[in-house]
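Student:
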Amino acid sequence: MLIILFIYGTCIGSGLVALADRYTTHTSIFYPASHCDTCQTPLAYWQLVPIFSYLLLRGRCHYCQTAIPATSLLVEFTAGLVLTTLTPTTIIPLLWLGLWGYAALCDARTQTFPGWVSYLSLIFVLYDHPFSSWLAGGLLFTLINWIWSRWFSSAIGNGDLDLILTYALLHDIEHAAELTLLACSLALLQQQSGQRLAFIPHLIVSEIFWWLWRL
Ligand SMILES: [Zn+2]
Numbered sequence: 001m002l003i004i005l006f007i008y009g010t011c012i013g014s015g016l017v018a019l020a021d022r023y024t025t026h027t028s029i030f031y032p033a034s035h036c037d038t039c040q041t042p043l044a045y046w047q048l049v050p051i052f053s054y055l056l057l058r059g060r061c062h063y064c065q066t067a068i069p070a071t072s073l074l075v076e077f078t079a080g081l082v083l084t085t086l087t088p089t090t091i092i093p094l095l096w097l098g099l100w101g102y103a104a105l106c107d108a109r110t111q112t113f114p115g116w117v118s119y120l121s122l123i124f125v126l127y128d129h130p131f132s133s134w135l136a137g138g139l140l141f142t143l144i145n146w147i148w149s150r151w152f153s154s155a156i157g158n159g160d161l162d163l164i165l166t167y168a169l170l171h172d173i174e175h176a177a178e179l180t181l182l183a184c185s186l187a188l189l190q191q192q193s194g195q196r197l198a199f200i201p202h203l204i205v206s207e208i209f210w211w212l213w214r215l
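If you count by the UniProt record's numbering, then the sequence shown holds residues 1 to 215, one letter each, in order.
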């Protein structure tokens with residue numbers, strides 16, 4: 001069962017990378033079929049198998065030899081590992097992770113991500129909560145996306161705050177503080193002065209660490 005979950009996970013990881021690529025290049029998610037971004041050659045079926053294809057191809061396009069970013073291998077493996085923790089009670093946290101993992105891949109490339117991720121994750125985390133949580137969550141979400149994004153977003157983007165808010169609603173404030181603390185430490189290691197930094201990837205790496213650590 002774990003092996004099957006791992007294989008499904010690698011496919012989901014591969015899909016998330018492909019979707020983020022399409023977001024970055026502003027192309028349709030349906031057309032054209034998977035292809036090399038450099039030489040545009042459509043990929044054969046054996047070049048589409050998560051993990052194995054990367055290893056078989058030794059990280060290079062079969063046709064033009066352009067290096068394939070190692071991120072795809074890392075994401076496929078990590079997604080496989082994370083999906084082995086799937087149980088009836090972890091469906092929502094894993095859906096949350098999948099959504100924000102996609103946002104992290106987009107953020108790493110463009111420092112933006114599709115706004116629907118925030119809305120959808122808010123609905124996911126609140127769906128079985130009482131009305132008072134919907135009210136509090138909705139109010140904070142509105143504050144972040146209307147007030148923060150207008151006056152304070154130079155400090156931290158509203159997308160990052162959306163992630164932290166939905167995480168706090170999903171788990172609790174303490175978990176959200178631990179998530180943020182580790183993400184900040186990771187970001188500090190990487191930060192170069194004066195440069196804007198994509199913070200969602202750091203938050204997601206932090207969450208994957210905590211998720212596997214707490215098992
Ligand atoms: Zn190529």
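Built from N, CA and C at the ideal position, the CB exists for glycine as well.
1. How would you call residue 115, buried or exposed, if buried means at least 16 neighbouring beta carbons within 10 angstroms?
2. Specify the secondary structure class of residue 42 as computed by DSSP and reduced to three states.
3. For residue 250, write down the residues that DSSP places opposite it in a beta bridge.
4. Mapping the DSSP letters down to three states, classify residue 242 as helix, strand or coil.
5. Please state if the CB of residue 169 and the CB of residue 125 are separated by a distance shorter than 8 Å.
6. To the nearest angstrom, how far is the alpha carbon of residue 149 from that of residue 67?
7. Whole angstroms is fine: what's the gap from residue 123's alpha carbon to residue 132's?
8. Ignoring anything shorter than 4 residues, give me the alpha helix (DSSP H) runs that lie fully in the stretch 51 to 118, in order along the chain.
9. Can the beta-carbon of residue 81 be found less than 8 Å from the beta-carbon of residue 54?
10. When DSSP labels each residue in this structure, what does residue 192 get in the three-state scheme?
11. Are residue 202 and residue 215 close, meaning C-beta to C-beta below 8 Å?
12. May I have the straight-line CA-CA distance separating residue 35 from residue 43, to the nearest angstrom?
13. With distance defined between alpha-carbon atoms, name the residue in 137, 138, 79, 40 nearest to residue 4.
Tutor: Let me lay it out:
1. Reading the sequence shown from its first residue, position 115 is the one you call residue 115. Result: exposed.
2. Along the sequence shown, read from residue 1 onward, the residue named residue 42 stands at position 42. If DSSP states are grouped into helix, strand and coil, residue 42 belongs with the strands.
3. Any answer about residue 250 is impossible in this case: the structure gives the chain only from 1 up to 215.
4. Any answer about residue 242 is impossible in this case: the structure gives the chain only from 1 up to 215.
5. Counting from 1 along the sequence shown, the entry for residue 125 is found at position 125. Counting from 1 along the sequence shown, the entry for residue 169 is found at position 169. Between residue 125 and residue 169, the C-beta gap is smaller than 8 Å, which places the two residues in contact.
6. Taking the sequence shown and counting its residues from 1, one reaches residue 149 at position 149. Taking the sequence shown and counting its residues from 1, one reaches residue 67 at position 67. Residue 149 and residue 67 have their C-alpha atoms spaced approximately 37 Å apart.
7. Position 123 of the sequence shown holds residue 123. Position 132 of the sequence shown holds residue 132. A straight-line Cα-Cα distance of about 14 Å links residue 123 and residue 132.
8. Every alpha helix (DSSP H) of 4 residues or more that sits fully in the stretch 51 to 118 is shown, in chain order, as 52 to 56, 70 to 83, 91 to 110.
9. Numbered from 1 along the sequence shown, position 81 holds the residue referred to as residue 81. Numbered from 1 along the sequence shown, position 54 holds the residue referred to as residue 54. Taking 8 Å as the Cβ cut-off, residue 81 and residue 54 do not qualify as a contacting pair.
10. Locating residue 192 in the sequence shown gives position 192, counting from the first residue. Three-state DSSP puts residue 192 in coil, outside helix and strand.
11. Counting from 1 along the sequence shown, the entry for residue 202 is found at position 202. Counting from 1 along the sequence shown, the entry for residue 215 is found at position 215. With contacts defined as CB atoms closer than 8 Å, residue 202 and residue 215 fail to qualify as a contacting pair.
12. Numbered from its first residue, the sequence shown carries residue 35 at position 35. Numbered from its first residue, the sequence shown carries residue 43 at position 43. Computed Cα separation, rounded: 5 Å.
13. Within the sequence shown, the letter at position 4 stands for residue 4. Closest by alpha carbon: 79.
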